[in-house]
Amino acid sequence: MLAEPRPDDDEERVNLAVKIDRTMRERAPGGWKGDQAREAQVLNALFALLARDREATLALFELVKNQPGY
(Lines of atoms letter the chains of each structure in order from A and count residues from 1; the text may use other names and numbers.)
(Lines give C-alpha, C1' and ligand atoms only; values in the text may rest on other atoms or scores of the structure.)
Protein backbone atom coordinates (compact mmCIF):
# COMPACT_ATOMS: atom_id res chain seq x y z
CA MET A 1 0.00 0.00 0.00
CA LEU A 2 1.27 3.47 -0.84
CA ALA A 3 1.91 5.88 1.98
CA GLU A 4 -0.25 8.97 2.12
CA PRO A 5 1.68 12.04 1.02
CA ARG A 6 2.62 14.27 3.92
CA PRO A 7 1.61 17.93 3.74
CA ASP A 8 5.26 18.96 3.84
CA ASP A 9 5.93 16.79 0.77
CA ASP A 10 3.62 19.02 -1.24
CA GLU A 11 5.31 22.12 0.13
CA GLU A 12 8.74 20.72 -0.77
CA ARG A 13 7.56 19.99 -4.31
CA VAL A 14 6.18 23.49 -4.72
CA ASN A 15 9.41 25.00 -3.39
CA LEU A 16 11.47 22.89 -5.80
CA ALA A 17 9.24 23.87 -8.74
CA VAL A 18 9.69 27.55 -7.88
CA LYS A 19 13.46 27.10 -7.60
CA ILE A 20 13.57 25.35 -10.98
CA ASP A 21 11.54 28.10 -12.62
CA ARG A 22 13.66 30.84 -11.06
CA THR A 23 16.87 29.09 -12.08
CA MET A 24 15.70 28.70 -15.66
CA ARG A 25 14.61 32.32 -15.93
CA GLU A 26 17.73 33.74 -14.30
CA ARG A 27 20.52 31.39 -15.38
CA ALA A 28 19.55 29.81 -18.71
CA PRO A 29 21.28 31.75 -21.48
CA GLY A 30 19.22 32.96 -24.42
CA GLY A 31 19.07 30.51 -27.31
CA TRP A 32 20.26 27.63 -25.15
CA LYS A 33 18.19 24.93 -26.82
CA GLY A 34 20.24 23.12 -29.43
CA ASP A 35 23.52 24.79 -28.39
CA GLN A 36 25.67 22.19 -26.65
CA ALA A 37 27.68 24.65 -24.54
CA ARG A 38 24.59 26.56 -23.40
CA GLU A 39 22.70 23.35 -22.70
CA ALA A 40 25.61 22.33 -20.46
CA GLN A 41 25.14 25.57 -18.49
CA VAL A 42 21.48 24.70 -17.96
CA LEU A 43 22.35 21.14 -16.93
CA ASN A 44 24.88 22.43 -14.40
CA ALA A 45 22.35 24.84 -12.91
CA LEU A 46 19.73 22.09 -12.58
CA PHE A 47 22.26 19.57 -11.24
CA ALA A 48 22.88 21.75 -8.19
CA LEU A 49 19.14 22.00 -7.47
CA LEU A 50 18.63 18.24 -7.56
CA ALA A 51 21.27 17.33 -4.98
CA ARG A 52 23.70 16.34 -7.74
CA ASP A 53 21.45 13.47 -8.88
CA ARG A 54 22.52 12.85 -12.47
CA GLU A 55 19.54 10.71 -13.49
CA ALA A 56 17.00 13.17 -12.06
CA THR A 57 18.84 16.09 -13.66
CA LEU A 58 18.78 14.51 -17.11
CA ALA A 59 15.08 13.68 -16.78
CA LEU A 60 14.26 17.22 -15.65
CA PHE A 61 16.41 18.68 -18.42
CA GLU A 62 14.38 16.82 -21.06
CA LEU A 63 11.14 18.12 -19.54
CA VAL A 64 12.41 21.70 -19.40
CA LYS A 65 13.88 21.50 -22.89
CA ASN A 66 10.48 20.58 -24.30
CA GLN A 67 8.59 23.17 -22.26
CA PRO A 68 7.71 26.38 -24.10
CA GLY A 69 8.76 29.54 -22.35
CA TYR A 70 12.25 28.49 -21.36
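Heads up, the sequence shown is in numbering that gives the first Met the number 0, so the first residue is 0 and it goes up one at a time. No residue lacks a Cβ here, since even glycine has one placed at the ideal position from N, Cα and C. Computed from a prediction, not measured in an experiment: that's the story for all the values here.
Sequence-distant Cβ neighbours of Val41 in its own chain, meaning closer than 6 angstroms and more than five residues away, are Ala27 and Trp31.
Put simply, the backbone Cα of Ala55 is about 23 angstroms away from that of Gly29. Between Thr22 and Ala58, the CB-CB gap reaches or exceeds 8 angstroms.
Of the residues assessed, Val63 falls on the buried side of the cut-off, its CB having 16 or more other CB atoms within 10 angstroms.
Rounded to the nearest whole angstrom, the CA to CA distance from Leu49 to Asp34 is 22 angstroms. In chain order, Thr56 place their CB closer than 6 angstroms to the CB of Phe46, counting only its own chain and leaving out the 5 sequence neighbours on each side.
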